[in-house]
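These notes concern the structure reproduced below.
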Amino acid sequence: MEGLAGVLTVLVTLLCFVGGCFIGGWLARRQAGHTAWTMEDEIRWWVKLVKGR
-1 MEGLAGVLTV LVTLLCFVGG CFIGGWLARR QAGHTAWTME DEIRWWVKLV KGR
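Using this note's numbering, the letters of the sequence shown map in sequence onto residues -1 to 51.
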């Protein structure tokens, strides 16, 4: 059971980190004046960034 708890901890940590990247980027763009920027735009931007590499 301890192994499962460790795996779940790592998965939740990664999920929170990735979610934080999306939300943080979206909030930063909104504060910079891009008020029409949506969460869908942010996700598309991240997908484009990852596919470009």
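The beta-carbon is built from N, C-alpha and C at its ideal position, and this holds for glycine as well.
Please determine, among Ala30, Leu2, Leu25 and Phe15, the residue with the shortest C-alpha to C-alpha distance to Glu40. Residue mapping note: residue 40 aligns to position 42 of the sequence shown, counting from 1. Closest in C-alpha terms to Glu40, from the list Ala30, Leu2, Leu25 and Phe15, comes Leu25.
Three-state class that DSSP yields for Gly31 in the structure shown: By one-based count along the sequence shown, residue 31 stands at place 33. Coil.
Measure the beta-carbon distance from Arg42 to Trp35 and round it to whole angstroms, keeping in mind my assumption that it falls under 8 Å. One-based indexing of the sequence shown puts residue 42 at position 44. One-based indexing of the sequence shown puts residue 35 at position 37. In this structure Arg42 is not in contact with Trp35, their Cβ atoms being roughly 11 Å apart against a cut-off of 8 Å.
Could you check what DSSP says for Thr7 in three-state terms: helix, strand or coil? On the sequence shown, residue 7 is found 9 positions in, with the first residue counted as 1. DSSP places Thr7 in helix when its eight states are reduced to three.
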